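One structure is given here, and the rest of the page talks about it.
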Amino acid sequence: MDTIKSKVFNYLTGSQKSDLCHYISKFVKNYYDKETDEILALFIEEEKYYLEVDASRHPWIVDYLDDKRFYKDLTLYINENKRKYRYKESQKEFVEKQKEFLKEQRKVARDRKMSGQSPTSKQKAYYKALCKRYNIDINSIDLEKASKLDLRNAIDALLSEQHTSDKQNILSRLNQIIESREEQY
Numbered sequence: 000m001d002t003i004k005s006k007v008f009n010y011l012t013g014s015q016k017s018d019l020c021h022y023i024s025k026f027v028k029n030y031y032d033k034e035t036d037e038i039l040a041l042f043i044e045e046e047k048y049y050l051e052v053d054a055s056r057h058p059w060i061v062d063y064l065d066d067k068r069f070y071k072d073l074t075l076y077i078n079e080n081k082r083k084y085r086y087k088e089s090q091k092e093f094v095e096k097q098k099e100f101l102k103e104q105r106k107v108a109r110d111r112k113m114s115g116q117s118p119t120s121k122q123k124a125y126y127k128a129l130c131k132r133y134n135i136d137i138n139s140i141d142l143e144k145a146s147k148l149d150l151r152n153a154i155d156a157l158l159s160e161q162h163t164s165d166k167q168n169i170l171s172r173l174n175q176i177i178e179s180r181e182e183q184y
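Letter by letter, the sequence shown follows residues 0 to 184 in numbering that gives the first Met the number 0.
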C-alpha cells in the first residue's frame, strides 16, 4: 500500500494527496466488492456532482478530471485499496478467533490471580447478606480460608439459582392470574 501511495498523485501537493488518498480509501471501503471501473465511475460522478453544487471536498480536482494520468493513478490506488480490504475480510475470522483466545487467556489469568487473594470485606458482606436473604447457611463456605475466586463463584451460584427460582415463581403467579381471569369471563 505504501509503495503504491508513493507512486501515485505525485503532481498534487502533499495535503491534497493525503486528503485524496484518505478519501478514496474510505470510498473504496464502502464499495470494495464492486468492479474497479464501477468504483471509479461512482467516485468521478460524486466529485462532479459536488463540484456542480459548489460543495466539493476537493475543489482543486476540477483541474484533473480530464487528465489520463489522474485516471491511471486513481485506478491503481482503487485496486490497491480493494486488495487491502479483501485481505482484511479474509483475515476477519482469524482475527475474531484470536480475540476470543486472548479474552479467554485474560480470564484465566484473572481467575488465577483471584485464587491467591483473600476476599474483600465487601464480598464477604455481600455473601452474608445473600445467605441471610435466601435462608442459606452462612458457614457453607469457610470465609477465612476462601479465596476471592471462591467467594465470587459462590455469589454467582447463589444469584443464578435464586434468579432461576424467582423466574419460575413469577411464571407460576402469572399463570394463576391468567387462569383466574379466564374463569371470570
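We put the CB at the ideal spot given by N, CA and C, even for glycine. Computed from a predicted model, the values in this text were never measured in an experiment.
C-alpha gap between residue i and residue j, whole angstroms
i       : j       : result
Lys-112 : Glu-79  : 46 Å
Pro-58  : Ile-3   : 24 Å
Leu-101 : Leu-142 : 32 Å
Lys-81  : Glu-37  : 12 Å
Cys-130 : Asp-136 : 6 Å
Gly-13  : Leu-19  : 10 Å
Glu-44  : Lys-87  : 27 Å
Val-61  : Glu-46  : 9 Å
Val-94  : Gln-104 : 15 Å
Lys-71  : Lys-25  : 19 Å
Tyr-63  : Tyr-10  : 10 Å
Residue range of the unbroken alpha helix (DSSP H) whose run includes residue i
i       : result
Lys-144 : Element bounds for Lys-144: n/a, residue is neither H nor E.
Ala-54  : Taken as a continuous stretch (DSSP letters only), Ala-54 belongs to no alpha helix (DSSP H), as it is neither H nor E.
Helix, strand or coil at residue i according to DSSP, with G and I counted as helix
i       : result
Tyr-30  : helix
Gln-116 : coil
Val-7   : coil
Leu-101 : helix
Tyr-133 : coil
Asp-18  : helix
Thr-74  : helix
Tyr-126 : helix
Leu-64  : coil
Thr-2   : helix
Ile-154 : helix
Thr-35  : helix
Ile-43  : helix
Ile-23  : helix
Reference residue i, options the options, closest by Cα
i       : options                            : result
Tyr-126 : Leu-148, Leu-64 and Leu-75         : Leu-148
Gln-116 : Ile-77, Ser-146, Asp-62 and Lys-47 : Ser-146
Thr-119 : Val-107, Asn-9, Ser-24 and Leu-150 : Leu-150
Ala-153 : Glu-99, Gln-122 and Asp-65         : Gln-122
Thr-74  : Gln-97, Ser-17 and Leu-41          : Leu-41
Whole-Å CB distance - residue i paired with residue j, under 8 Å assumed
i      : j      : result
Val-7  : Tyr-76 : 5 Å
Tyr-22 : Arg-56 : 7 Å
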